[in-house]
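Right, here's the structure in full:
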């Protein structure tokens, strides 16, 4: 059980490392999907099959498809990868990488000093999650639905072509 | 009932979060910045799920579902903004956002 966990964690780290270093957006996106799938496997091994299924369906399915559509619409070609390679100069990434490594080192130090070394894992069934979701967390579900609705309206408003400008132009030229 | 090293999973979540943070700081392309934000949200969700497994309570998974809904809303608005940005500036350079002015 632990071996599977180590393997999938290793795959997740490697593929995430590839995501932040690729110059081609589609390649990075495919690596991100691999990373999300391996994290989903970690969820499954932790006894959270519902979270694992949601990770595959919502993250690796819906959100990544959204990214792919936007990358297709932006039509980034070979020259964008070249510019990306130019932007990724060592002077640009060494500073942030060092600072993140320092923060990670602190986190590792804090984790290894903790007393709980090994935890026992039991499965948390989807039924328990559903009862909790629609019992004590009902207000959170309502708030999430309002958030999703506002996200929908916001995306529609921002993504719509500029009708007002066209109309003004037409009115100016029309009569 | 299986015994799994929870420390390793917390460590994994920390590493993924640090990688996402590095990505946000070092990339200049807005699409890559959004992808790195997704990595960070996913790492936070992983920490919640391992906490749910540690105490055998569903609350952590409930928080993961909320994070998922938040990520979906965030990415839809973010990508709509990216399309709008690209339409007006013909570039994905985050530095060009300084010229936005409303």
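Protein chains in written order, with our numbering: chain W, 4 to 178; chain U, 106 to 207.
Cβ coordinates follow ideal geometry from the N, Cα and C atoms, glycine included.
(message) Below 8 angstroms on C-beta distance, what does residue 145 of chain U contact in chain W?
(response) Stepping through the second chain from its first residue, residue 145 of chain U is reached at position 40. Residues of chain W passing the Cβ test: none, with the nearest at roughly 10 angstroms.
(message) My assumption, with CB atoms under 8 angstroms, is that residue 157 of chain U sits in contact with residue 165 of chain U. Please give the rounded CB distance.
(response) Locating residue 157 of chain U in the second chain gives position 52, counting from the first residue. Locating residue 165 of chain U in the second chain gives position 60, counting from the first residue. About 3 angstroms separates the two Cβ atoms, so the contact holds.
(request) Label residue 197 of chain U either buried or exposed according to how many other C-beta atoms from any shown protein chain fall within 10 Å of its C-beta, with 16 as the threshold for buried. (result) Here residue 197 of chain U is taken as the residue at index 92 of the second chain, counted from 1. Buried: at least 16 other Cβ atoms inside 10 Å.
(request) Say whether the region 139–152 of chain W touches the region 167–176 of chain U, bearing in mind that this needs 3 or more beta-carbon pairs closer than 8 angstroms, one atom from each stretch. (result) yes
(request) Kindly indicate if chain W contains any beta-carbon less than 8 angstroms away from that of residue 184 of chain U. (result) Your numbering for residue 184 of chain U matches position 79 in the second chain. For residue 184 of chain U, the answer is yes, since a Cβ of chain W falls inside 8 angstroms of its Cβ.
(request) Starting from the C-beta of residue 106 of chain U, find all residues in its chain whose C-beta is less than 7 angstroms away, skip the five residues before and the five after it, and write them out in chain order. (result) The count along the second chain starts at 1 and reaches residue 106 of chain U at position 1. A caution first: residue 106 of chain U carries a pLDDT of 46, below 50, which makes its placement in the model too unreliable to give a value.
(request) Would you give the residue range spanned by the alpha helix (DSSP H) that residue 9 of chain W belongs to? (result) Position 6 of the first chain, counted from the first residue, corresponds to residue 9 of chain W. Element bounds for residue 9 of chain W: 5–24.
(message) I'd like to know whether the C-beta of residue 59 of chain W is nearer than 8 angstroms to at least one C-beta of chain U.
(response) Within the first chain, residue 59 of chain W is the residue found at index 56, counting from 1. Closer than 8 angstroms: no.
(request) Report the option in U/187, U/202, U/180 whose CA atom is closest to the CA atom of residue 151 of chain W. (result) As a position in the first chain, residue 151 of chain W is number 148, starting the count at 1. Residue U/180 is the option with its Cα nearest to residue 151 of chain W.
(message) When you compare the region 139–146 of chain U with the region 5–23 of chain W, are there three or more beta-carbon pairs, one atom per stretch, that lie closer than 8 angstroms?
(response) yes
(request) For residue 109 of chain U, count neighbouring Cβ atoms within 10 angstroms of its own Cβ and tell me buried if that reaches 16, exposed if not. (result) As a first step, residue 109 of chain U is located in the second chain; it is residue number 4 there, counting from the start. The residue is buried, with at least 16 neighbouring Cβ atoms inside 10 Å.
(request) Could you say which of W/75, W/78, W/81, W/42 lies nearest to residue 63 of chain W if we only look at CA atoms? (result) In the first chain, counting from the first residue as 1, residue 63 of chain W sits at position 60. Taking only the C-alpha atoms, the option nearest residue 63 of chain W is W/42.
(message) Is residue 142 of chain U close to chain W? Criterion is C-beta to C-beta, closer than 8 angstroms.
(response) By one-based count along the second chain, residue 142 of chain U stands at place 37. Cβ-Cβ to chain W under 8 angstroms: no for residue 142 of chain U.
(message) Does the contact criterion of 3 or more C-beta pairs under 8 angstroms hold for the region 48–58 of chain W versus the region 67–76 of chain W?
(response) The count of Cβ pairs closer than 8 angstroms, one atom from the region 48–58 of chain W and one from the region 67–76 of chain W, stays below three, leaving the stretches out of contact.
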